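Note that my numbering has the sequence shown beginning at 1167, numbered continuously upward. Ideal placement from N, C-alpha and C gives every residue a C-beta, glycine not left out. Everything numeric in this text was worked out from a predicted model, so none of it was measured. Report on one structure; see the data block that follows.
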Amino acid sequence: MLERGIVPDETIYVVLLKGLCQNNELETALEVFKKCFERDAEIAQTILGKFIRYLCKEGQFIAASNLVLDYTSTIGNSESSMILLELLVDAGEVPVAIEHVKKVGEISPPMLHELHAEFLSSLSSSSKQRPMLEFIQVIESLQRNL
1167 MLERGIVPDE TIYVVLLKGL CQNNELETAL EVFKKCFERD AEIAQTILGK
1217 FIRYLCKEGQ FIAASNLVLD YTSTIGNSES SMILLELLVD AGEVPVAIEH
1267 VKKVGEISPP MLHELHAEFL SSLSSSSKQR PMLEFIQVIE SLQRNL
């Protein structure tokens, strides 16, 4: 695209990432996102949540976790981790969610506190309260050990 003088915008990136995820072209999708981040971090931050959803929809939970962790110190925020963690808990991937939150706690202890607060506030509206409660307990345990 760039060779032809076409500068991708948010819509182009979203469509491209969605298609690549649906076709199980994980490495290419990650490379496209990396190029997006290098060209325009704002667009990358805007589409990060959608990319996480596309990866999780295709069962690429570990890749989604790694993506969020890779960008936590630059464009990642508690919102992107929260999107991922909710998708993981809903999919029954609690062990992956626990590993993710442990790594977040290592990278950014303040973000762990934000995630705890967000999970507590979303607990009442969750259809899967038991896994959510277990997960909140894990976060609380991690916070005590910081």
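Answer yes or no: do residue i and residue j have a C-beta to C-beta separation smaller than 8 Å?
i: I1209; j: Y1179; result: yes
i: I1218; j: V1234; result: yes
i: L1278; j: Q1303; result: no
i: L1250; j: S1231; result: yes
i: L1281; j: S1244; result: yes
i: V1260; j: E1300; result: yes
i: T1240; j: A1283; result: no
i: F1285; j: I1264; result: no
i: M1298; j: S1292; result: yes
CA-CA distance, residue i and residue j?
i: Q1188; j: K1223; result: 9 Å
i: T1194; j: L1186; result: 7 Å
i: L1168; j: A1229; result: Summary for L1168: the model assigns pLDDT 49, below 50, so the residue's position carries little reliability; its value from the coordinates is reported in the next sentence. Straight-line Cα distance between these residues: approximately 26 Å.
i: E1197; j: V1267; result: 24 Å
i: S1290; j: R1296; result: 11 Å
i: N1311; j: G1242; result: 23 Å
i: I1172; j: C1202; result: 13 Å
i: F1227; j: S1274; result: 21 Å
i: G1225; j: E1191; result: 13 Å
i: V1181; j: P1276; result: 33 Å
i: P1174; j: G1258; result: 35 Å
i: L1221; j: F1199; result: 12 Å
Hey, residue i and residue j are a contact pair by Cβ (cut 8 Å); roughly how many whole angstroms apart?
i: D1256; j: K1294; result: 6 Å
i: V1270; j: S1287; result: Wrong, their Cβ atoms sit about 18 Å apart, outside the cutoff.
Any alpha helix (DSSP H) of 4 or more consecutive residues that is wholly inside the region 1219–1279: 1227–1237, 1244–1256 and 1260–1273
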